[in-house]
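Participant: Chains as they are written, first to last, in UniProt numbering: chain A, 1 to 190; chain B, 1 to 190. Here a beta-carbon is modelled for each residue, glycine too, at the ideal position from N, C-alpha and C.
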DNA sequence: CCCACTTGCCTAATACCTTTAGGAAGCTGC
DNA sequence: GCAGCTTCCTAAAGGTATTAGGCAAGTGGG
């Protein structure tokens, strides 16, 4: 009996690749086992269950996203930072649709607060240092940015903008212009 | 043998209720059959397959959403319309989380263009009539609004804003202020 | 009224996926 | 070179999806 050398790490990584290839919903313990040419039950020494696999893929994706965002943001500020961060999001979602879907997978509170999601939130807040926003407006703005990035990228991934003019990239650029403008002129509370 | 009186309509409606109760992902042909106290195979006279069921639930949700939005928008314009539309979205998502998830379910192009999704897009565009935006900026703005509404509501539904100050409603209100401001002062192309 | 026909729901069967229990073969260190 | 842990396996039970074929409940024409 030749051992396949399974580890949780390798299984999760394979699951992430599978997600990008066939969609996150289609990622199954069985499919990962097939990929390693191993019986399904063998994976249960490394994974608690199917949900565990999906959660770990989600955490991997969040970490990759946070790493890229962190690197892109280094040395940038203001609109430059805004655009860099936004493009990391968009590029990641387009290059790794399955992982991106995984990153949006609902996590229970403890898992979420322990994962890289909070790093992403911190980075979003860092972008706003280039704009003059005091609390609580800063938090409102963080939520706005998160919504726009996530919303746009999801709709784009779902094909929402693919069959109509103008080009999605053009809209993306103009939306970033708009956000920059809004952040510089955030309306005072009435 | 007493007949249960199954119809595609009733099955889809039951599926939608089930989605709101246990989540759209948990909606299964078997679960719907149980709800009617009927054998699973019986549903296949009314539904093509599991995917068909989910697609029909998605279309139902889109239609309900479009109906509500249409009603809310009647007689309103400008920021008033923007707020009314946004609140329909948010309220629907909070009241019917499963249906809302269903509404975001990816549809193939033909199904999507035949469904109520296009009505929603048209309504979004109608809101912008209250602002002075020419094409292609109008389309960019439609995409921005769609992204913000969808993004915010998804993040909120996933619990993103639930355990932190300020209150989510407050952010929502201030984000709508921000969007209104941005639409009134849409930056000219550099 | 009843016979034929259509329709609605059923049984049966196949094929996956998930998960647990328990066993055997490989590796590691003494 | 063997004790013990680890890795992977076989076996089994239970759930979901889907198809094929059957019987009984409604329906319409003679």
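From which residue to which residue does the alpha helix (DSSP H) around residue 83/B run?
Facilitator: As a first step, residue 83/B is located in the second chain; it is residue number 83 there, counting from the start. Note, residue 83/B: alpha helix (DSSP H), 78 to 95.
Participant: Among the candidates 35/B, 179/B and 2/B, whose CA atom is the shortest distance from the CA of residue 13/B?
Facilitator: As a first step, residue 13/B is located in the second chain; it is residue number 13 there, counting from the start. Taking only the C-alpha atoms, the option nearest residue 13/B is 35/B.
Participant: Give the DSSP-derived three-state secondary structure of residue 186/B in the structure shown.
Facilitator: In the second chain, the residue the question calls residue 186/B occupies position 186. Coil at residue 186/B, not helix or strand.
Participant: What would DSSP say about residue 132/B, mapped onto helix, strand or coil?
Facilitator: Within the second chain, numbered from 1, the residue matching residue 132/B stands at position 132. Here residue 132/B sits in coil by DSSP.
Participant: So what does DSSP say about residue 15/A, is it helix, strand or coil?
Facilitator: Residue numbering aside, residue 15/A sits at position 15 when the first chain is read from its first letter. Residue 15/A: helix per DSSP, three-state reduction.
Participant: Here's a check: name, in chain order, each residue in its chain whose Cβ is nearer than 6 Å to the Cβ of residue 59/B, leaving out the five neighbours to either side.
Facilitator: By 1-based counting over the second chain, the position of residue 59/B is 59. Within the same chain, residue 59/B has close Cβ partners 115.
Participant: Could you tell me which whole alpha helix (DSSP H) segments of length 4 or greater appear in the UniProt domain "HTH tetR-type" (5 to 65) of chain B?
Facilitator: Whole alpha helix (DSSP H) segments, 4+ residues: 8 to 22 and 29 to 35.
Participant: Tell me the DSSP secondary structure of residue 148/B in three-state form.
Facilitator: Translated into the one-based positions of the second chain, residue 148/B becomes position 148. Residue 148/B falls in the helix class under three-state DSSP.
Participant: Keeping to the same chain, check which residues put their C-beta closer than 6 Å to that of residue 61/B; ignore five residues upstream and five downstream.
Facilitator: Taking the second chain and counting its residues from 1, the one referred to as residue 61/B is at position 61. Cβ neighbours of residue 61/B beyond the five flanking positions: 99, 102 and 103.
Participant: Do residue 142/A and residue 121/A have their CB atoms nearer than 8 Å?
Facilitator: Stepping through the first chain from its first residue, residue 142/A is reached at position 142. Stepping through the first chain from its first residue, residue 121/A is reached at position 121. Their beta carbons are under 8 Å apart, which means residue 142/A touches residue 121/A by this criterion.
Participant: Among the residues of its own chain, which have a CB less than 8 Å from the CB of residue 162/B, if the five just before and after it don't count?
Facilitator: Along the second chain, one-based indexing puts residue 162/B at 162. Within the same chain, residue 162/B has close Cβ partners 156 and 168.
Participant: Would you mind stating whether residue 148/A and residue 123/A have Cβ atoms separated by less than 8 Å?
Facilitator: Position 148 of the first chain, counted from the start, is the residue given in the question as residue 148/A. Position 123 of the first chain, counted from the start, is the residue given in the question as residue 123/A. Taking 8 Å as the Cβ cut-off, residue 148/A and residue 123/A do not qualify as a contacting pair.
Participant: Going straight from the alpha carbon of residue 42/B to that of residue 159/A, what length do you get?
Facilitator: By one-based count along the second chain, residue 42/B stands at place 42. By one-based count along the first chain, residue 159/A stands at place 159. The alpha-carbon atoms of residue 42/B and residue 159/A are separated by roughly 34 Å.
Participant: Please state if the CB of residue 72/A and the CB of residue 84/A are separated by a distance shorter than 8 Å.
Facilitator: Residue mapping note: residue 84/A aligns to position 84 of the first chain, counting from 1. Residue mapping note: residue 72/A aligns to position 72 of the first chain, counting from 1. Contact flag set, yes.
Participant: In the structure shown, what three-state DSSP assignment does residue 107/B receive?
Facilitator: If you number the second chain from 1, residue 107/B lands on position 107. It is coil, neither helix nor strand.
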